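> I am attaching a structure below and will ask some questions about it afterwards.
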Amino acid sequence: MPETTAVVEMRNIKKNFAAVQALRGVDLVLRHNEVLGLMGDNAAGKSTLMKVLSGAYIPDEGEILIEGKKVHMADPLDARRLGIEMVYQDLALANNLDVTSNVFLGRETVSAQLIPIGVLDSRSMEQESKRLLDRLKIDIPSVRLLVERLSGGQRQAVAIARATAFNSKVIIMDEPTAALSVAAISKVLDLVRELKAQGASIIIISHRLEDIYSVSDRLVVMRQGRKVRDCPVTGDIDEFRERVVAYMIGARDDFANAVVD
Ligand SMILES: Nc1ncnc2c1ncn2[C@@H]1O[C@H](COP(=O)(O)OP(=O)(O)O)[C@@H](O)[C@H]1O
Ligand SMILES: [Mg+2]
C-alpha cells in the first residue's frame, strides 16, 4: 500500500460534555506508517479526539474511516479489532501484577489471530511477553518483576508493549513522555521510531515540542476543540518552535478554515 494512503480519516468529529464543546468539528488524517504529532493547550480536545478514535467515546457527530471504510465503534474492543490501540496517559497498568500479566491484560478478549490465553501456560506467557519486549528493544531485567518495582520509563514501555501485543496498526500515545527523566524520554522516543520502523502508524500527543520535532512526520495543532494547523514537520528546531508557538496561541490560525500546509 502506498505511504500516502490514509489509514485513519476522521471527518467533522463533534463531542460535547454537557455545556462543554470539547470537539467542534475536527477533521484528521493519519497516513500509513506516519508519525503524527498532536499538540495544543490544556483542554484543547486532544485526549477527547483520541478517545473517540480508540472507541472510548462515541462522537455526537462525524464519521471515521479506517483504510477507506466507514466504521462504527461502540467501545475500545471494536477499535482493537480494527487494529487501533491507545496508551492512556495514566497507563492503566496493574501495579501489583508482574510485567507478563500486564502485557496479557485484556488479551483474552481478542480471539481471532491470537492464541487463546487459556491454552497458554505461565511459561509460554513469559516467553511471549519477553519476545514482545525484545522486539521493541525494551530493557527490563525480568518479566516477573512487579510493575510497581519499575521506573516510570519502564512502565511506559510496558504499556506501549502491551499495545503492540494486539498486532495493532495504529498506536495512539497520550503524553508518553510526561513526568519522565531525560534518559527515559529518549528511550520512549526510540520506541516510537522502532514502532514506525516495524510498520506501525502512530499518533503521539505531547506538550514537549522537542519530542514532536524529533519523531513526527507531521504536526496537528488543536485549540478550543478545533484543529487550527496541520503541517509537515520541517525546518530547524528553532524555526519549528517559533511556528508552533504562534499556532498554539492563535497568532496565525484561521478558525473558520484550518490551514493545511
Ligand atoms: N469525561 C469528561 N467529562 C466532562 N468534560 C470533559 C471530559 N473529558 C474532557 N472534558 C472536557 O473537554 C475539554 C477537552 O478536554 P481534553 O480532551 O482532555 O483536552 P486536552 O487533552 O487537549 O487537554 C476540556 O474542557 C475538558 O474539561
Ligand atoms: Mg489530554
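For the sequence shown, the positions run 988 to 1248 when the numbering used here is used.
Glycine is no exception: its CB is placed at the ideal position from the N, C-alpha and C atoms.
These numbers come from a predicted model, not from an experiment.
#1: Which residues count as close to ligand 2 when the rule is a CB under 7 Å from any of its heavy atoms, in chain order?
#2: Is the segment 1140 to 1152 touching the segment 1162 to 1182, taking contact as three or more C-beta pairs under 8 Å?
#3: Which residues in the same chain as V1175 place their Cβ atom closer than 8 Å to its Cβ, once the five residues preceding and following it in sequence are excluded?
#4: In whole angstroms, what separates the C-alpha of V1220 from that of A1171?
#5: Can L1069 and I1190 be called in contact, C-beta distance under 7 Å?
#6: So, D1047 versus K1117, is the Cβ gap smaller than 7 Å?
#7: Tell me which same chain residues have a C-beta within less than 8 Å of the C-beta of A1037, skipping the five on either side of it?
#8: When you measure from the CB of N1083 to every non-hydrogen atom of ligand 1, does any distance come out below 6 Å?
#9: By Cβ distance below 8 Å, which residues in the same chain neighbour N1020 in space, the five residues on each side in sequence not counted?
#10: Using the beta-carbon count (16 or more within 10 Å), is A1099 buried or exposed?
#11: In the DSSP assignment, what are the bridge partners of M997?
#12: Would you mind stating whether A1066 and G1042 have Cβ atoms separated by less than 7 Å?
#13: Note the first and the last residue of the continuous alpha helix (DSSP H) segment covering K1124.
#14: For E1113, is the classification buried or exposed, using 16 other Cβ atoms within 10 angstroms of its Cβ as the cut-off for buried?
#15: Compute the Euclidean distance between the alpha carbons of E996 and S1155, then round it to the nearest angstrom.
#16: Do G1032 and G1212 have their C-beta atoms within less than 7 Å of each other?
#17: Measure from the alpha carbon of I1045 to the alpha carbon of each residue in D1062, K1057, K1056 and A1030, then state which is nearest.
#18: Note down the Cα distance separating G1012 from M1235, rounded to an integer number of angstroms.
#19: On the CB-based measure, 16 or more other CB atoms within 10 Å of its CB, does S1203 come out buried or exposed?
#20: Tell me whether the beta-carbon of L1080 lies closer than 7 Å to the beta-carbon of V1022.
#21: Please list, in chain order, all residues of the same chain as E1050 whose beta carbon is under 7 Å from its beta carbon, the five residues on each side excluded.
#22: Less than 8 Å between the CB atoms is what I'm expecting for V1207 and G1237, so what's the real figure, rounded?
#23: Tell me whether V1007 sits in a helix, a strand or coil according to DSSP, three-state version.
Taking the coordinates as given:
#1: Summarising the contact set, residues whose Cβ lies nearer than 7 Å to any heavy atom of ligand 2 are, in chain order, K1033, S1034, Q1076, D1161, E1162 and I1192.
#2: The answer is yes - the segment 1162 to 1182 touches the segment 1140 to 1152, with three or more Cβ pairs under 8 Å.
#3: Only G1140, Q1143, A1144, I1147, P1163, T1164 and L1167 meet the Cβ criterion.
#4: Rounded to whole angstroms, V1220 and A1171 show a C-alpha spacing of 23 Å.
#5: No; because the gap between Cβ atoms is not below 7 Å, this pair is not in contact.
#6: Cβ atoms of D1047 and K1117: not closer than 7 Å.
#7: For clarity, residue 1037 is Met in the given sequence; the question names Ala instead. Excluding sequence positions up to five before and after M1037, its CB lies within less than 8 Å of the CB of L1025, M1073, I1159, D1161, I1190 and I1192, all in the same chain and listed in chain order.
#8: No, Cβ of N1083 sits at least 6 Å from all heavy atoms of ligand 1.
#9: Taking C-beta separations shorter than 8 Å and ignoring five residues to either side along the sequence, the partners of N1020 in its chain run E990, K1183, G1186, A1187 and S1188, following chain order.
#10: Here the model assigns A1099 a pLDDT of 42, short of 50, so the residue's position is not dependable, and the following value carries that caveat. Classification of A1099: exposed, given that the 10 Å Cβ count is below 16.
#11: Answer by DSSP bridge pairing, in chain order: L1015 and I1051.
#12: Yes. Within cutoff.
#13: Neither: K1124 is in no alpha helix (DSSP H) and is coded neither H nor E.
#14: Buried is the call here.
#15: Roughly 17 Å between the two C-alpha positions.
#16: For G1032 and G1212, yes; Cβs fall inside 7 Å.
#17: Selected option, being the one with the closest Cα: D1062.
#18: The straight-line gap from Cα to Cα measures roughly 18 Å.
#19: Classification for S1203: buried.
#20: Against a cut-off of 7 Å, the Cβ pair of V1022 and L1080 comes out as no contact.
#21: Within the same chain, Cβ atoms closer than 7 Å to the Cβ of E1050 are found at R998 and K1057, the five residues on either side in sequence being excluded.
#22: So it is not a contact: roughly 15 Å between Cβ atoms.
#23: For V1007, the secondary structure class from DSSP, reduced to helix, strand or coil, is strand.
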